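Here the structure is laid out as structure tokens; the discussion comes afterwards.
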Amino acid sequence: METALFFIMAAIAITAGGMVILNKNPVKSAFSLIVVMLALAILYMQLSATFLSMIQIMVYAGAVMVLFLFVLFILNVGVEGAFSSRMYKRAVAGLVGALMGVVLIAAVLMRGSRMQQLPGMDVAGDFGHIKPVGELLFTKYLLPFELLSILLLVAIIGAMLTTRPKWPKLKLPPELWPGTADEASTETGEEN
Amino acid sequence: MFEGLYSWSAVAPALVVLATALVVMMTDLFVEPGNRIVPWLTIAGLFAGLVVSISMWGTEEVAFSGAWKIGAFSIYFYCIFIVAAIITIFFSMSHEERRGRFPGEYWSLIPFSVVGMMVMASAADLITLIIGLETMSLCAYVMVGLNRGDKRSSEGALKYFLLGAFASAFLLYGTAFIYGSVITTRFAEITVFVSAHSNAIPFNLQVGAILLLVGLGFKVAAVPFHMWAPDAYQAAPTPVTGFMATAIKAAGFAAIVKIFGLMLATSALVLQDLIWWLALLSMIVGNFAAVMQMNLKRMLAYSSIAHVGYLLTAIVGSDPGVSLQGGTGVLFYLVSYALMTLGAFGVLIIIGGGEDRRETLVDMTGLASKSPGLALAMTIFMVSMSGIPPTIGFFGKFYVFGAAVQSGYTGLAVIGILTSVVGVFYYLRVVVNMYMKPAEKSFVPWRRSRISDITLGVLAAAVLYIGIFPQSLLDLARSAFKSLF
Numbered sequence: 014m015e016t017a018l019f020f021i022m023a024a025i026a027i028t029a030g031g032m033v034i035l036n037k038n039p040v041k042s043a044f045s046l047i048v049v050m051l052a053l054a055i056l057y058m059q060l061s062a063t064f065l066s067m068i069q070i071m072v073y074a075g076a077v078m079v080l081f082l083f084v085l086f087i088l089n090v091g092v093e094g095a096f097s098s099r100m101y102k103r104a105v106a107g108l109v110g111a112l113m114g115v116v117l118i119a120a121v122l123m124r125g126s127r128m129q130q131l132p133g134m135d136v137a138g139d140f141g142h143i144k145p146v147g148e149l150l151f152t153k154y155l156l157p158f159e160l161l162s163i164l165l166l167v168a169i170i171g172a173m174l175t176t177r178p179k180w181p182k183l184k185l186p187p188e189l190w191p192g193t194a195d196e197a198s199t200e201t202g203e204e205n
Numbered sequence: 273m274f275e276g277l278y279s280w281s282a283v284a285p286a287l288v289v290l291a292t293a294l295v296v297m298m299t300d301l302f303v304e305p306g307n308r309i310v311p312w313l314t315i316a317g318l319f320a321g322l323v324v325s326i327s328m329w330g331t332e333e334v335a336f337s338g339a340w341k342i343g344a345f346s347i348y349f350y351c352i353f354i355v356a357a358i359i360t361i362f363f364s365m366s367h368e369e370r371r372g373r374f375p376g377e378y379w380s381l382i383p384f385s386v387v388g389m390m391v392m393a394s395a396a397d398l399i400t401l402i403i404g405l406e407t408m409s410l411c412a413y414v415m416v417g418l419n420r421g422d423k424r425s426s427e428g429a430l431k432y433f434l435l436g437a438f439a440s441a442f443l444l445y446g447t448a449f450i451y452g453s454v455i456t457t458r459f460a461e462i463t464v465f466v467s468a469h470s471n472a473i474p475f476n477l478q479v480g481a482i483l484l485l486v487g488l489g490f491k492v493a494a495v496p497f498h499m500w501a502p503d504a505y506q507a508a509p510t511p512v513t514g515f516m517a518t519a520i521k522a523a524g525f526a527a528i529v530k531i532f533g534l535m536l537a538t539s540a541l542v543l544q545d546l547i548w549w550l551a552l553l554s555m556i557v558g559n560f561a562a563v564m565q566m567n568l569k570r571m572l573a574y575s576s577i578a579h580v581g582y583l584l585t586a587i588v589g590s591d592p593g594v595s596l597q598g599g600t601g602v603l604f605y606l607v608s609y610a611l612m613t614l615g616a617f618g619v620l621i622i623i624g625g626g627e628d629r630r631e632t633l634v635d636m637t638g639l640a641s642k643s644p645g646l647a648l649a650m651t652i653f654m655v656s657m658s659g660i661p662p663t664i665g666f667f668g669k670f671y672v673f674g675a676a677v678q679s680g681y682t683g684l685a686v687i688g689i690l691t692s693v694v695g696v697f698y699y700l701r702v703v704v705n706m707y708m709k710p711a712e713k714s715f716v717p718w719r720r721s722r723i724s725d726i727t728l729g730v731l732a733a734a735v736l737y738i739g740i741f742p743q744s745l746l747d748l749a750r751s752a753f754k755s756l757f
């Protein structure tokens, strides 16, 4: 039963993953990505990583995908012609992807019996619940966990700075907007 | 349970710089745009970080249950990052006078990216290292895209961002594979595992190590992962280009030295051959492509790729158990490269004013008669980059190629020296243009800025001084590398 569920979910995830990259319509790609996320969440559940599974559904399948769709709608990406379809580019990309796939499959197959010899493979009874995950975050991985807050702050500043509309379109004083090289030097030069 | 969990002293230098970034970010909201207090505040904070770092030289501490290690190695890199950042801010201030204002957030992005680099330099754990790298890279993506009026700039910035994100995926994938075969992300435990299993390295670990190499290769722009570099270098405002070429590259090499020069430095990994190829291709492609560039920023971009090749020659086959020369050479080279590259970009900032972008080879013609001091400084930096004594660049090359010869890679060192000869051609072409050709265009007079004049003078003096007395820097580099293990 469990094995069957695994293979069904794996098949769904792989098929949907293929549809993400093969679909010409970006909205369909985004919806396929949601299916990938959900299938992965069930796989996590099977690994008894319940917390991760829930977070996967809430954050990735939920919040992140909604943002994706928002962006697609705002940009109003057309159905056709959104992506380059030069043959040689596809060939190169396919080749690199296939090579990568072979290496990764080989890595999984050649894992062999060495994994079992390593210590730390026994999992505790409450593995994957919120408590051990939280405990690890606040003990062993305290530093990276705290550093993530800096990363997020930088991401906020960066997003704000890069998406700020160019100032001439808005009726705001030029010095409030980033000094783009050539426009700003003439405009702000007079004010100084 | 909470024993040894956190330590304020181990993160003190990084905290000072982080506080600087936060204070600068907040101050910017309350002062008028363009107020000079913001950059000066950044410099003051970074300087405080430098003082705290230097005062901790000699201490060694492992904290955060093994995720963080501060020692001479990290402090050596802290000094490179902070000094490069301070010089970048000086140059940015004179760049502003010529090309218009930077947005206020720019001044806080520099210390934020320095925090990321400091995390990379003292991380003793793969996850911590990657978070530091991401913090640094995010700042860099934003800073590269600041020239927003220009389509070419946006293209370069977007390329940098997409390929950088791609590289991060490689790093994370590699980390996952390494975790899968060693069940840890701590450097110390991985080192123990690798040396214990050196005759039978698990295939997963090999794959993980290769993926890490690809990811870091992208970040430092080693051939064949260099596509983004020329475009991004040209797209970015020139002070940012200088910062990318020096501090960000140094941070990438801090990670490379720790991972490939120490943790995974074993011939049991196929990795060593791959690094050999990366070094070879970087030297050849970087130098020959640089010859064809008329735009000086692009030329310096390709030359920085060539310098990555020289640095990698010292890492190939460097076994720290046998000789310290490889790691020491890299650390020395990074300082020398930072000094001369910052100087060269500083000169470009000064001449590249006004409405047009004066950053091509033609714009340098006749500079000597127009501004002898500037031409002299540029000559010193170019001579140093081509590796001619008595400059710091000569000793940098001497140490890295010496290390390659010592670890038995004489062929690679010979190729390195031959390709540096190509380098001499395009570096000295700049000098020839400055001194031996009459000015083709009439120079639009530019505003002199005392700050960048002084900074350039100090850089040129440092290039010459260490070029004559390299020993003390070499000793520092050696004790820094030794502190890693």
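So the sequences go chain by chain: P and V. Letter by letter, the first sequence follows residues 14 to 205 of our numbering. Letter by letter, the second sequence follows residues 273 to 757 of our numbering. Virtual Cβ for every residue (Gly too), placed ideally from N, Cα, C. In this text, all values refer to a predicted model and were calculated from it rather than measured experimentally.
Distance CB(L603/V)-CB(A749/V) smaller than 8 Å: Result yes, Cβ atoms of L603/V and A749/V sit closer than 8 Å.
So with CB distances below 7 Å, who are the chain V contacts of V116/P? By Cβ distance, chain V contributes V479.
Which residue marks the beginning of the alpha helix (DSSP H) containing V310/V, and which one marks its end? Residues 309-327.
Buried or exposed, going by whether 16 or more other CB atoms sit within 10 Å of the CB of T292/V? Flag for T292/V reads buried.
List the residues of chain P that S337/V touches, going by C-beta distances under 9 Å, in chain order. The contacting residues are T152, K153, Y154, L155, L156.
If you count every other CB in all the chains shown that lies within 10 Å of the CB of T331/V, and 16 or more means buried, which is it? Here T331/V is exposed. Its C-beta has fewer than 16 other C-beta atoms within 10 Å.
Using a beta-carbon distance cut-off of less than 7 Å, what residues from the segment 432-453 of chain V approach chain P? Within the segment 432-453 of chain V, the qualifying residues are F449.
Residues near L606/V in its chain [Cβ-Cβ closer than 7 Å; skip 5 each side]: Hits under 7 Å: I352, A522, F525.
Hey, which unbroken runs of the alpha helix (DSSP H) at 4 residues or more fall wholly within the segment 326-408 of chain V? Counting only runs of 4 or more, we get 344-371, 377-394.
So is L583/V in contact with chain P if we call contact Cβ pairs under 8 Å? Judged by the 8 Å Cβ criterion, L583/V is not in contact with chain P.
Please check if any C-beta of chain V sits within less than 8 Å of the C-beta of M14/P. No, its Cβ sits nowhere closer than 8 Å to a Cβ of chain V.
Just to check my reading of the structure: M564/V and L639/V have Cβ atoms closer than 8 Å, yes? What is that Cβ distance to the nearest angstrom? With a Cβ gap of about 22 Å, M564/V and L639/V do not count as contacting.
Does the distance from the CB of F449/V to the CB of G487/V come in under 8 Å? No, the pair does not count as a contact, with Cβ atoms beyond the cut-off.
Does T764/V come out as helix, strand or coil in the three-state DSSP assignment? A question about residue 764/V goes unanswered here, because the residues of chain V that appear run from 273 up to 757.
Extent of the continuous alpha helix (DSSP H) to which F224/V belongs: Residue 224/V lies beyond the residue range present for chain V, which begins at 273 and ends at 757; the question has no answer from this structure.
Using only CA atoms, which one of G514/V, M516/V, G489/V lies nearest to I528/V? Checked all of G514/V, M516/V, G489/V; the closest Cα to I528/V is G489/V.
Should the segment 499-508 of chain V be regarded as contacting the segment 302-321 of chain V, the criterion being three or more beta carbon pairs within less than 8 Å? Not touching, per the Cβ criterion.
Using the Cα positions of I660/V and A675/V, report the straight-line distance between them to the nearest angstrom. Distance between I660/V and A675/V, taken at the CA atoms: about 19 Å.
Got a sec: is the Cβ-Cβ distance from F384/V to anything in chain A below 8 Å? Among the protein chains in the structure shown, which are P and V, there is no chain A.
Does K182/P have its Cβ less than 8 Å from a Cβ in chain V? Confidence at K182/P is low in this model, with a pLDDT of 33, below 50, so its placement is unreliable and no value can be given for it.
Could I get the ranges of all uninterrupted alpha helix (DSSP H) runs contained in the segment 627-667 of chain V, with 4 residues as the minimum, in chain order? Correct list: 639-642, 644-658.
Going along chain V, which residues have a C-beta under 7 Å from M123/P? Going along chain V in sequence order, the residues near M123/P (Cβ under 7 Å) are F475.
Cβ of L85/P less than 8 Å from any chain V Cβ? Proximity of L85/P to chain V, defined by a Cβ-Cβ separation below 8 Å, is not satisfied.
Taking only the alpha-carbon atoms, compute the straight-line gap between A395/V and T457/V and give it to the nearest angstrom. Each residue's alpha carbon lies about 11 Å from the other.
With distances taken between CB atoms, is the gap from V310/V to V296/V smaller than 8 Å? Going by C-beta atoms, V310/V is nearer than 8 Å to V296/V.
With 9 Å as the C-beta to C-beta threshold (strictly closer), list the residues of the segment 167-178 of chain P near chain V in chain order. From the segment 167-178 of chain P, only V167, A168, I170, G171, A172, M173, L174, T175, R177 have a Cβ closer than 9 Å to chain V.
Quick one: Cα of A137/P to Cα of L46/P, how far? Approximately 32 Å between the Cα atoms of the pair.
Alpha helix (DSSP H) segment containing Q760/V, residue limits: Any question about residue 760/V goes unanswered here, given that chain V covers just 273 to 757.
Hey, does V391/V have any beta-carbon neighbour from chain P nearer than 8 Å? At a cut-off of 8 Å between beta-carbon atoms, V391/V makes contact with chain P.
Buried or exposed for V557/V, going by 16 or more other Cβ atoms inside 10 Å? When all chains shown are included, V557/V counts as buried.
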